[in-house]
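So the sequences go chain by chain: Y and R. Just so we're aligned: 74 in this note's numbering is position 74 of the first sequence, and the numbers increase by one with no gaps anywhere. Just so we're aligned: 63 in this note's numbering is position 63 of the second sequence, and the numbers increase by one with no gaps anywhere. Here a beta-carbon is modelled for each residue, glycine too, at the ideal position from N, C-alpha and C. All values reported here derive from a predicted model rather than from experimental measurement. Have a look at the structure below before the remarks.
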Amino acid sequence: MPDRPLELSRYCIPYTPFTGKLEEAKICLVTTASVRGKDQPPFQIDGDTSFRTLDGALPASAFTFDDDHYDHACVDRDLNCVFPVDRLAELAENRQIGGVSEKHFSMGFSQALRELREKTIPALVREVDRVRPDAVLLTGG
Amino acid sequence: MIGIPTVLITVEPEESEQARPPRALCPNGFIVGHSLGRPNDPNLQKRILMDALHLLVEPPQLGQVIIREYQ
Numbered sequence: 001m002p003d004r005p006l007e008l009s010r011y012c013i014p015y016t017p018f019t020g021k022l023e024e025a026k027i028c029l030v031t032t033a034s035v036r037g038k039d040q041p042p043f044q045i046d047g048d049t050s051f052r053t054l055d056g057a058l059p060a061s062a063f064t065f066d067d068d069h070y071d072h073a074c075v076d077r078d079l080n081c082v083f084p085v086d087r088l089a090e091l092a093e094n095r096q097i098g099g100v101s102e103k104h105f106s107m108g109f110s111q112a113l114r115e116l117r118e119k120t121i122p123a124l125v126r127e128v129d130r131v132r133p134d135a136v137l138l139t140g141g
Numbered sequence: 001m002i003g004i005p006t007v008l009i010t011v012e013p014e015e016s017e018q019a020r021p022p023r024a025l026c027p028n029g030f031i032v033g034h035s036l037g038r039p040n041d042p043n044l045q046k047r048i049l050m051d052a053l054h055l056l057v058e059p060p061q062l063g064q065v066i067i068r069e070y071q
């Protein structure tokens, strides 16, 4: 794999066809809602270009978030509002999807777009690629 | 690296369209922090989630955010 940063969708739509069946697909979550495991280091609320790798076997109750940039009325009561890990587990149990990725990923709030584009996103994408999900669901805050 | 299919759930369709997502769903009327609808409403959350995931197997509408009503 080339070591240079991956380009985002400035010039084209990054479309990858989905092959296979949803009922057999392993789904990975990637969120920008500053979600982390309760035992992981907090995100810096004013700006943080790091990301957290989240254990895909854990329920939403194992996670928290560090943010003051979106409305928390929902997530204070139910983290599935931005990080639907419990719903994914239920869909897998009902065989509506094939399974849940062993890892999910979360970024924090940041306006350092260049660093995100040149460092954070390429590193995150490499981690997602190692997990080899059949599809990724992206959610914001 | 081989591409991985993605689908986005967004409550800011105008902002998201600027990034030209390959597949995107907007549950209309919900604000930021409510991408999956309402707290402790697993049926609604699963409907939105499944609608988003179904975009993976539906004909592509590249760069568009599909807006649907749930309320």
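Which value, in whole angstroms, describes the spacing of the CA atoms of residue i and residue j?
i	j	result
Arg132(Y)	Ala60(Y)	22 angstroms
Gly33(R)	Phe51(Y)	19 angstroms
Glu24(Y)	Leu54(Y)	22 angstroms
Asp78(Y)	Gln61(R)	31 angstroms
Gly99(Y)	Pro5(R)	15 angstroms
Ile121(Y)	Thr10(R)	19 angstroms
Using a Cβ-Cβ cut-off of 8 angstroms, state whether residue i counts as contacting chain Y.
i	result
Gln45(R)	yes
Ile4(R)	yes
Arg20(R)	yes
Ile66(R)	no
Pro60(R)	yes
With a Cβ-Cβ cutoff of 8 angstroms, do residue i and residue j count as a contact?
i	j	result
Leu25(R)	Arg68(R)	yes
Val57(R)	Leu29(Y)	no
Name the chain Y residues whose beta carbon is nearer than 8 angstroms to that of residue i?
i	result
Gly63(R)	Ile13
So residue i contacts chain R; which residues on that side make the cut at Cβ distance below 7 angstroms?
i	result
His104(Y)	Simply none; closest approach about 14 angstroms.
Thr139(Y)	Ile9, Ser35
Residues of chain Y with CB under 7 angstroms from residue i, in chain order?
i	result
Ile31(R)	Asp71
Asn40(R)	Arg77, Asp78
Taking 8 angstroms as the CB-CB cut-off, is residue i touching chain R?
i	result
Glu115(Y)	no
List the residues of chain R that residue i touches, going by C-beta distances under 8 angstroms, in chain order.
i	result
Ala135(Y)	Ile4, Pro5, Thr6, Val7, Leu53, Leu56
Ile27(Y)	Leu53
Of all the CB atoms in chain C, is at least one closer than 8 angstroms to the CB of residue i?
i	result
Thr16(Y)	Of the chains in the structure shown, none is chain C; the protein chains are Y and R.
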